[in-house]
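In this note's numbering, the protein residues as written are 57 to 397.
Where a beta carbon is used, it is the ideal one built from N, C-alpha and C, also for glycine.
Below: one structure, written as structure tokens.
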């Protein structure tokens, strides 16, 4: 920065430096106006020079302006980084080959896991009727099977998993009751409930179970208490889901989305409601950033929670609902799991 507190004019001629500043500044927390200014400064100058940049830097800038690096899906960004590095003059061919090998080996591990999951699904489908109660019974049976296979010194994980699924199912029942009674929840009511039913709190507990490189019981207790970072990740997923699905959901008979509830509460247009929810999204990202610095003991768990939040930017990219319309994801999924590099 210059002596007067402004950003150095030399940065305006350094696209790589501006890009680094822009990405790093997105680790800001609440109450950091200098970093907010850094984001605006870097974005303005990156946008103004984007037309004159050459590949691969041009692609890096375009992706960062779309989704800042700290919020990207790591696996997708790895593919971009390897591709860009290969185009750089003077790159290390041995390092490049090792990066490709590492990616392909992990891809093979993921494929083995996917096959195992698929086989389990095929065996279980005939046992799963449509009714929620019977589905819950099957989940309990599954947990018992898992518990029987786990070492006795860590099988207490199952109790936390059961409780997380119970909370999730109770949320589904509450949503069903609202729908049956044609209840129109307030924005606060809706986000409090659907931050549970989106599945993030339960998934966070599942991600911690069976991991042997953390203080397991302490981590499970912390995650099961649904602390601030879990709520923030859940809200990020919920807000991005509802914004992407807004037009489609308006024609359905289910519980109103956060966008619709905000419209009903404040009497505003859909565009205004989405703009406000975008602001709330930014608050939740900063909450996750703050958690990194405040609770270092839980950092390994936090990294998993943050990774789950990042996945929302992947599934709802460009405000498309990839769960409903997944065609645009096909090439990416193939690059993750099918095609080696």
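Contact check, residue i vs residue j, beta carbons under 7 angstroms
i, j, result
"residue 315", "residue 329", "yes"
"residue 256", "residue 215", "no"
"residue 135", "residue 381", "no"
"residue 313", "residue 334", "no"
"residue 342", "residue 85", "yes"
"residue 98", "residue 66", "no"
"residue 83", "residue 345", "yes"
"residue 369", "residue 123", "yes"
"residue 288", "residue 350", "no"
"residue 155", "residue 217", "no"
"residue 301", "residue 375", "no"
Assigned secondary structure, residue i (DSSP; H/G/I helix, E/B strand, else coil)
i, result
"residue 238", "coil"
"residue 320", "helix"
"residue 347", "helix"
"residue 79", "helix"
"residue 276", "helix"
"residue 377", "coil"
"residue 71", "helix"
"residue 307", "With a pLDDT of only 46 at residue 307, under 50, the local geometry of the prediction cannot be trusted, and the value read off the model is given with reservation. Three-state DSSP puts residue 307 in coil, outside helix and strand."
"residue 383", "helix"
"residue 86", "coil"
"residue 312", "coil"
"residue 109", "coil"
"residue 231", "helix"
"residue 143", "helix"
"residue 63", "coil"
Residue from the options with nearest C-alpha to residue i
i, options, result
"residue 395", "253, 164 and 336", "164"
"residue 393", "92, 169, 107 and 104", "169"
"residue 253", "293, 162, 319 and 242", "293"
"residue 139", "161, 113, 123 and 120", "113"
"residue 263", "111, 320, 279 and 251", "279"
"residue 285", "228, 348 and 247", "348"
"residue 388", "322, 130 and 144", "130"
"residue 246", "319, 281 and 300", "319"
"residue 224", "383, 237 and 258", "258"
"residue 359", "71, 80 and 126", "126"
"residue 251", "240, 226, 238 and 275", "226"
"residue 72", "103, 240 and 92", "103"
"residue 317", "364, 147 and 248", "248"
"residue 219", "81, 276 and 70", "276"
Own chain residues within Cβ distance below 6 angstroms of residue i, not counting five before or after
i, result
"residue 311", "231, 234 and 235"
"residue 106", "117"
Close beta carbons around residue i, own chain, < 8 angstroms, minus the five adjacent residues each side
i, result
"residue 68", "74 and 101"
"residue 336", "291 and 295"
"residue 116", "75, 136 and 140"
"residue 166", "392 and 393"
"residue 177", "In this prediction, residue 177 has a pLDDT of 47, which is less than 50 and means its spatial position is unreliable; what the coordinates show is noted afterwards. Counting only Cβ-Cβ distances below 8 angstroms, and skipping sequence neighbours, we find nothing."
Nearest-angstrom Cβ-Cβ length linking residue i and residue j, presumed shorter than 8 angstroms
i, j, result
"residue 108", "residue 143", "Not really, about 18 angstroms apart at Cβ, beyond 8 angstroms."
"residue 397", "residue 243", "That belief does not hold up - the Cβ atoms of residue 397 and residue 243 are roughly 44 angstroms apart, past 8 angstroms."
"residue 362", "residue 260", "The pair is not a contact, with the Cβ atoms about 11 angstroms apart (cut-off 8 angstroms)."
Residues near residue i by beta carbon distance below 7 angstroms, same chain, minus five either side
i, result
"residue 185", "Residue confidence is low: residue 185 scores 43 on pLDDT, short of 50, so the model does not pin down where it sits. Its coordinate-derived value is still stated next. Around residue 185: no qualifying Cβ."
"residue 321", "242 and 243"
"residue 128", "366 and 369"
Residue i CB to nearest heavy atom of the ligand COA below 6 angstroms
i, result
"residue 111", "Only the bare structure without any ligand can be found here, which leaves the ligand COA out of the picture."
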